[in-house]
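A.B. asks: Pasting a structure below so you can have a look.
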Amino acid sequence: MNAIRKFFFRPPHGPRAVFLIRLFVGLIFLTQGILKYIDPAMGVLRFTRIGFPHPWFVAHFVGVFEIICGLLVLLGLWTRLAAIPLLIVISTAIATTKIPELLRVGQGFWYMVSDARTDFAIFCSLLFLMSVAGGAWSLDARFHRNSSNRASP
Numbered sequence: 004m005n006a007i008r009k010f011f012f013r014p015p016h017g018p019r020a021v022f023l024i025r026l027f028v029g030l031i032f033l034t035q036g037i038l039k040y041i042d043p044a045m046g047v048l049r050f051t052r053i054g055f056p057h058p059w060f061v062a063h064f065v066g067v068f069e070i071i072c073g074l075l076v077l078l079g080l081w082t083r084l085a086a087i088p089l090l091i092v093i094s095t096a097i098a099t100t101k102i103p104e105l106l107r108v109g110q111g112f113w114y115m116v117s118d119a120r121t122d123f124a125i126f127c128s129l130l131f132l133m134s135v136a137g138g139a140w141s142l143d144a145r146f147h148r149n150s151s152n153r154a155s156p
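Numbering (the working numbering), first residue to last: 4 to 156.
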């Protein structure tokens, strides 16, 4: 358990430019989470069309995680921890909306690759954020600096 805690809460070690990745990933998930509440076509109807059971619950459940974790990523607060639910969300999106394109007539592999490029970029960005956390311009880094300063005599 201690190794897991150390992984998630070790100091961030990325440059300030990590902020751009956080901005990209955080805004995408934040806006998609909000859309699940304000646009039925992006929320309940979409989950119904994909075939999820209880689409109203699933759309709002996913929306909550996208909003909260998207904000955490934007702020650089608990970045590694917030990336986990977002990895699950994007992996599920790829599995339920992109992989089936392989079997559709007239689509196939190259269509799916083209259609999944944003999802794949987000997936890779989340893996990157899990490895470096929020970077130098994050609340994680600020809290770590403050706790290090207090620990120094």
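Quick reminder that beta carbons are idealized off the backbone N, C-alpha and C, glycines included. Here the structure is a predicted model, which is why all the values come from computation and not from measurement.
Taking Cβ to Cβ, would you say Val-76 is nearer than 9 Å to Gly-36?
C.D. replies: Numbered from 1 along the sequence shown, position 73 holds the residue referred to as residue 76. Numbered from 1 along the sequence shown, position 33 holds the residue referred to as residue 36. Cβ distance not < 9 Å, so Val-76 and Gly-36 don't count as in contact.
A.B. asks: Can you tell which of Ala-44, Ala-139, Phe-146, Arg-148 has its C-alpha closest to the C-alpha of Ile-24?
C.D. replies: What you label residue 24 is simply residue 21 of the sequence shown in a count that begins at 1. When only C-alpha atoms are compared, the closest one is Ala-139.
A.B. asks: Could you please give the first and the last residue of the uninterrupted alpha helix (DSSP H) stretch that includes Thr-95?
C.D. replies: The residue labelled residue 95 in the question sits at position 92 within the sequence shown. Thr-95 -> alpha helix (DSSP H) spans 82-96.
A.B. asks: Mark Trp-81 as exposed unless 16 or more other C-beta atoms lie within 10 angstroms of its C-beta, in which case mark it buried.
C.D. replies: Here residue 81 corresponds to residue number 78 of the sequence shown, with the count starting at 1. Per the 10 Å Cβ criterion, buried.
A.B. asks: Between the C-alpha atoms of Thr-51 and Ala-20, what's the straight-line distance to the nearest angstrom?
C.D. replies: Reading the sequence shown from its first residue, position 48 is the one you call residue 51. Reading the sequence shown from its first residue, position 17 is the one you call residue 20. When rounded, the distance between both Cα atoms is 39 Å.
A.B. asks: Please list, in chain order, all residues of the same chain as Pro-15 whose beta carbon is under 8 Å from its beta carbon, the five residues on each side excluded.
C.D. replies: If you number the sequence shown from 1, residue 15 lands on position 12. Closer than 8 Å at Cβ, skipping near neighbours: Val-21, Gly-79, Thr-82, Val-135, Ala-136, Gly-137, Gly-138, Ala-139, Ser-141, Asp-143, Ala-144, His-147.
A.B. asks: Alpha carbons only, please: which of Val-67, Ile-41, Leu-48 is nearest the one belonging to Val-92?
C.D. replies: Here the question's residue 92 lines up with position 89 in the sequence shown. When each option's Cα is compared against that of Val-92, the closest is Val-67.
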